[in-house]
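Read the structure below first, then the notes.
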Amino acid sequence: DVKVTQSSRYLVKRTGEKVFLECVQDMDHENMFWYRQDPGLGLRLIYFSYDVKMKEKGDIPEGYSVSREKKERFSLILESASTNQTSMYLCASGVGQGIVLTKNIQYFGAGTRLSVL
Amino acid sequence: AQRVTQPEKLLSVFKGAPVELKCNYSYSGSPELFWYVQYSRQRLQLLLRHISRESIKGFTADLNKGETSFHLKKPFAQEEDSAMYYCALKDRGGKLIFGQGTELSVKP
Numbered sequence: 245d246v247k248v249t250q251s252s253r254y255l256v257k258r259t260g261e262k263v264f265l266e267c268v269q270d271m272d273h274e275n276m277f278w279y280r281q282d283p284g285l286g287l288r289l290i291y292f293s294y295d296v297k298m299k300e301k302g303d304i305p306e307g308y309s310v311s312r313e314k315k316e317r318f319s320l321i322l323e324s325a326s327t328n329q330t331s332m333y334l335c336a337s338g339v340g341q342g343i344v345l346t347k348n349i350q351y352f353g354a355g356t357r358l359s360v361l
Numbered sequence: 221a222q223r224v225t226q227p228e229k230l231l232s233v234f235k236g237a238p239v240e241l242k243c244n245y246s247y248s249g250s251p252e253l254f255w256y257v258q259y260s261r262q263r264l265q266l267l268l269r270h271i272s273r274e275s276i277k278g279f280t281a282d283l284n285k286g287e288t289s290f291h292l293k294k295p296f297a298q299e300e301d302s303a304m305y306y307c308a309l310k311d312r313g314g315k316l317i318f319g320q321g322t323e324l325s326v327k328p
């Protein structure tokens, strides 16, 4: 059973704080993704990575950065949190060949609900 | 442009009624489409893929290239089908583009 674990279910931070969201997968997947999920907007891709130390911008990378030092771990960083970054953040992983997902299946974590006050 | 549109934010039906969740896409060429589902307090998961032509939990989805649609259907809705449903399209870079999501509410 694929397991994608996000370190926190709920986080409350203050404006201007540096925030780290952690995601770990145990299936040796090459590809990992960070999305934010907002009502009426669906899932929007922030960043993704198809290999260790590789990263690519998604559709809404502004205000975010990522780190992938090990294959199993993909971190999302909010350099200076703002109230408009209050959202549900979803991490996902999938088997890939380079940038392309094999079978196009993504496995999701339970999500981190971040509130920035 | 590559795009997925789910026109309904909320769909409410009674148990036993047919249900159809709409999905339209914009893509030139042969698309690969998916439906993902998120039940209450559970993680988002794959429901079905059009290339598999499968029926999962009584749901089916047929790709209609003429209408650029991939609607999700079930003849008799059950209360446990209540969830958020996302249609997704594989883009040219191999990533998935998700629609806005439709919340299905099945009432007893």
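Residue numbers (my numbering), protein chains in the order written: chain E, 245 to 361; chain W, 221 to 328. Ideal placement from N, C-alpha and C gives every residue a C-beta, glycine not left out.
Short CB-CB distance (under 8 angstroms) between Q269 (chain E) and chain W: Chain W, which has no Cβ nearer than 8 angstroms to the Cβ of Q269 (chain E), makes this no.
6 angstroms Cβ shell around L264 (chain W) - same chain, five flanking residues per side excluded: Only residues of its own chain outside the window of five on either side were considered, and among them Y256, Q258 have a CB closer than 6 angstroms to the CB of L264 (chain W), listed in chain order.
is_contact[L265 (chain E), chain W] using C-beta, thresh 8 angstroms: Taking Cβ atoms only, chain W never reaches closer than 8 angstroms to L265 (chain E), which makes this a no.
L323 (chain E) classed as buried or exposed, judged by whether at least 16 other C-beta atoms fall within 10 angstroms: Position check: residue 323 (chain E) holds Glu in this sequence, whereas Leu was assumed. Exposed is the call here.
Distance CB(L309 (chain W))-CB(Q222 (chain W)) smaller than 8 angstroms: Yes, these two residues count as a Cβ contact at 8 angstroms.
G278 (chain W) versus W:G319, W:L231, W:V239, residue with shortest Cα-Cα distance: Per the C-alpha coordinates, the member of W:G319, W:L231, W:V239 positioned closest to G278 (chain W) is W:V239.
For I317 (chain W), the three-state DSSP class (helix, strand or coil): Note: I317 (chain W) maps to strand in three-state DSSP.
Residues, ordered as in the chain, of the region 312–328 of chain W that lie near chain E by beta-carbon distance below 7 angstroms: Going along the region 312–328 of chain W in chain order, one finds G313, G314, K315, L316, F318, G319, Q320, G321 with a Cβ nearer than 7 angstroms to chain E.
Cβ-Cβ separation, Y333 (chain E) to G355 (chain E) (assumed contact under 8 angstroms), whole Å: With 8 angstroms as the limit, G355 (chain E) and Y333 (chain E) qualify as a contact, their Cβ atoms being about 7 angstroms apart.
Limits of the beta strand (DSSP E) - the one that F264 (chain E) falls within: Bounds of the beta strand (DSSP E) holding F264 (chain E) are 263–269.
Own chain residues within Cβ distance below 8 angstroms of S319 (chain E), not counting five before or after: Non-local beta-carbon contacts of S319 (chain E) in its own chain, meaning distances under 8 angstroms to residues more than five positions away in sequence, involve F264, L265, E266, C267, V310, S311, R312 in chain order.
I224 (chain E), DSSP secondary structure in three states: Outside the shown range of chain E, which is 245 to 361, sits residue 224 (chain E), and nothing can be said about it.
Q265 (chain W): contacting residues in chain E (beta-carbon distance under 9 angstroms): Chain E residues near Q265 (chain W): Y351, F352.
Alpha-carbon to alpha-carbon, V256 (chain E) and K325 (chain E): Here the sequence assigns Ala to residue 325 (chain E), which means Lys is not the residue at that position. A325 (chain E) and V256 (chain E) have their alpha carbons spaced roughly 11 angstroms apart.
Neighbour flag for F318 (chain E) against chain W, beta carbons, 8 angstroms: Taking Cβ atoms only, chain W never reaches closer than 8 angstroms to F318 (chain E), which makes this a no.
Rounded C-alpha distance that separates E316 (chain E) from D272 (chain E): The straight-line gap from Cα to Cα measures roughly 6 angstroms.
Test: Y306 (chain W) CB closer than 8 angstroms to a CB of chain E: Y306 (chain W) counts as touching chain E.
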